[in-house]
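A.B. asks: Numbering (numbering that gives the first Met the number 0), first residue to last: 0 to 357.
This is the structure I have questions about; it appears just below.
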Amino acid sequence: MRIGVLNSGGDCPGLNAVINGVVGAASRLGWEVLGFIDGYEGLLPEGGDYITLTPDDTIGIAKLGGTILGTTNKGHFAAKVGEGDVAKIPEEIMAKARGNMEKLGVEALVIIGGDGSLTTALQMNQEGFNVVGVPKTIDNDLQATAMTFGFDSAVSTVVDSLDRLQTTAQSHKRVMVLEVMGRHAGWIALWGGIAGGAHVVLLPEVEFSLDKVADFIKQREAEGKRSSLVVVAEGAKLSGGELVIRGEGAASEVSLGGVGDVVAHHLEEMTGKDTRSCTLGHLQRGGSPTALDRILGARFGVKAVDLIREGKFGSMVSYQAYHVDSVPIEDAVHQLRLVNPEGEMVQTARALGICLGD
Ligand code: F6P
0 MRIGVLNSGG DCPGLNAVIN GVVGAASRLG WEVLGFIDGY EGLLPEGGDY
50 ITLTPDDTIG IAKLGGTILG TTNKGHFAAK VGEGDVAKIP EEIMAKARGN
100 MEKLGVEALV IIGGDGSLTT ALQMNQEGFN VVGVPKTIDN DLQATAMTFG
150 FDSAVSTVVD SLDRLQTTAQ SHKRVMVLEV MGRHAGWIAL WGGIAGGAHV
200 VLLPEVEFSL DKVADFIKQR EAEGKRSSLV VVAEGAKLSG GELVIRGEGA
250 ASEVSLGGVG DVVAHHLEEM TGKDTRSCTL GHLQRGGSPT ALDRILGARF
300 GVKAVDLIRE GKFGSMVSYQ AYHVDSVPIE DAVHQLRLVN PEGEMVQTAR
350 ALGICLGD
């Protein structure tokens, strides 16, 4: 059997770990893997644009940031509103992809993507393509999975940045505002802020008042605190309306800044404290994945191959959550949780070619 793998949309630490997982698991089944270049776009040129991936080709890639396959944010597969107002991938694009997959003998596709790319995957599945999905976003904002790979790496970058900002803020008695990613969901800001010791965290989900933030910072100063750290998600909203970032009503001195610059500008005026802002931007997406993201990526890749083997097309790999709850202490003592030798984690290790000595 021959399968394809592609990643689509913004890159994300851990993508290469997923690809490595797919290749490892597929090769153990004796399957061939084609890696399509630049996302869905790789399905379009005559004969397809791809590289053949064997375990030898993917040695050591799990630790690399970005994606060895390249990616495209919005390409020919972007759905267009046609007759009946339903956004659909253009017919001729679907036909080209279908023709190439048939010519190449690719029987199924692993599609690694976020909300938009998975919407494309869904339409492809509805039109008869054998696809399985792997969720991908550093924002960790997909409802159907408790965790996406890339998130832990992004949070680690935020925490490292806050640790650094804290020392300079403390030296200069400043307020430091750090803008982080998260247009719709504030997970990166919240986790990063908690772990990095932020004093204020502003999220898209919780409308904020600049007055309240300024009062909080002034109160800290009154208590003798030298500095304050503020984390702002890029989608944070001011209560009573959007924060005016550009144009009429915007803080005039702030020319090309984002929400972090604007918040910093206003806080400086309102608190009289020297305030600086810093936008973390794509530093959160780049670089090597953390250990957790490498492992989650590997598990997702191996599971995606399982889904194909089981013929579960149209489904997506999902990490199932646990939340913090309570149990009687007596349930905890003398109850070790051991690695299940038949469990999914051990199977993942085997799929990656790791020897367990058995
Ligand atoms: O969806 C992930 C994300 O990191 C967002 O938080 C951010 O707004 C966006 O990607 C930026 O992506 P790009 O610059 O590639 O369009």
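Idealized CB from N, CA, C, for every residue including glycine.
Pull up the distance between the alpha-carbon of residue 168 and that of residue 75, whole angstroms please.
C.D. replies: Walking along the sequence shown from the start, residue 168 turns up at place 169. Walking along the sequence shown from the start, residue 75 turns up at place 76. Cα to Cα, the separation comes out at about 46 Å.
A.B. asks: Indicate the three-state DSSP secondary structure (helix, strand or coil) for residue 2 in the structure shown.
C.D. replies: Position 3 of the sequence shown, counted from the first residue, corresponds to residue 2. Three-state result, residue 2: strand.
A.B. asks: I need the straight-line Cα distance from residue 356 to residue 22, nearest angstrom please.
C.D. replies: The residue given as residue 356 occupies position 357 in the sequence shown. The residue given as residue 22 occupies position 23 in the sequence shown. Distance between the alpha carbons of residue 356 and residue 22 is about 22 Å.
A.B. asks: Looking at the ligand F6P, does it come within less than 7 Å of residue 146, judged from the CB to the closest heavy atom?
C.D. replies: Within the sequence shown, the letter at position 147 stands for residue 146. No, the Cβ of residue 146 stays beyond 7 Å of every heavy atom of the ligand F6P.
A.B. asks: Express the C-alpha separation of residue 28 and residue 307 in angstroms, rounding to a whole number.
C.D. replies: What you label residue 307 is simply residue 308 of the sequence shown in a count that begins at 1. What you label residue 28 is simply residue 29 of the sequence shown in a count that begins at 1. Going from the Cα of residue 307 to the Cα of residue 28 covers about 11 Å.
A.B. asks: Need the endpoints of the alpha helix (DSSP H) that residue 232 sits in, please.
C.D. replies: Taking the sequence shown and counting its residues from 1, one reaches residue 232 at position 233. Membership of residue 232 in any alpha helix (DSSP H) is not indicated; the residue belongs instead to the beta strand (DSSP E) covering 227 to 232.
A.B. asks: Do you know offhand how far residue 234's Cα is from residue 263's?
C.D. replies: Here residue 234 corresponds to residue number 235 of the sequence shown, with the count starting at 1. Here residue 263 corresponds to residue number 264 of the sequence shown, with the count starting at 1. C-alpha separation (whole angstroms): 15 Å.
A.B. asks: Go ahead and pull the three-state DSSP assignment for residue 87.
C.D. replies: If you number the sequence shown from 1, residue 87 lands on position 88. Strand, per DSSP.
A.B. asks: Report all residues from its chain with a CB closer than 6 Å to the CB of residue 340; omit the five preceding and five following residues, and keep chain order.
C.D. replies: Counting from one through the sequence shown, the residue named residue 340 turns up at place 341. Correct list: empty, nothing qualifies.
A.B. asks: Anyone know if the C-beta pair for residue 212 and residue 199 falls short of 8 Å?
C.D. replies: By one-based count along the sequence shown, residue 212 stands at place 213. By one-based count along the sequence shown, residue 199 stands at place 200. Yes, these two residues count as a Cβ contact at 8 Å.
A.B. asks: Hey, is the segment 25 to 45 in contact with the segment 86 to 96, meaning 3+ C-beta pairs nearer than 8 Å?
C.D. replies: yes
A.B. asks: How about residue 177 and residue 160: do their beta carbons lie closer than 8 Å?
C.D. replies: Taking the first residue of the sequence shown as 1, we reach residue 177 at position 178. Taking the first residue of the sequence shown as 1, we reach residue 160 at position 161. For residue 177 and residue 160, yes; Cβs fall inside 8 Å.
A.B. asks: Can the beta-carbon of residue 219 be found closer than 8 Å to that of residue 9?
C.D. replies: Taking the sequence shown and counting its residues from 1, the one referred to as residue 219 is at position 220. Taking the sequence shown and counting its residues from 1, the one referred to as residue 9 is at position 10. Taking 8 Å as the Cβ cut-off, residue 219 and residue 9 do not qualify as a contacting pair.
A.B. asks: Residue 35 bridges to which residues according to DSSP?
C.D. replies: In the sequence shown, counting from the first residue as 1, residue 35 sits at position 36. In the DSSP output, where bridge partners are listed per residue, residue 35 has 49.
A.B. asks: Applying the criterion that 16 or more other CB atoms from any shown protein chain within 10 Å of the CB defines a buried residue, is residue 252 buried or exposed?
C.D. replies: Stepping through the sequence shown from its first residue, residue 252 is reached at position 253. Low local confidence applies: a pLDDT of 48 at residue 252 is under 50, so the model's placement there is unreliable, with the coordinate-based value given in what follows. Exposed: under 16 other Cβ atoms inside 10 Å.
A.B. asks: How would you label residue 182, buried or exposed, when you count the other beta carbons within 10 angstroms and need 16 or more for buried?
C.D. replies: In the sequence shown, counting from the first residue as 1, residue 182 sits at position 183. Classification of residue 182: exposed, given that the 10 Å Cβ count is below 16.
A.B. asks: Just to confirm, does residue 163 get its C-beta within under 7 Å of one of the non-hydrogen atoms of the ligand F6P?
C.D. replies: Numbered from its first residue, the sequence shown carries residue 163 at position 164. No, the Cβ of residue 163 stays beyond 7 Å of every heavy atom of the ligand F6P.
A.B. asks: Less than 7 Å separating the Cβ of residue 371 from some heavy atom of the ligand F6P?
C.D. replies: The chain is shown only over 0 to 357; residue 371 falls outside these bounds and no answer can be derived.
A.B. asks: For residue 233, verify whether its CB is less than 7 Å away from any heavy atom of the ligand F6P.
C.D. replies: What you label residue 233 is simply residue 234 of the sequence shown in a count that begins at 1. For the ligand F6P, at least one heavy atom lies less than 7 Å from the Cβ of residue 233.
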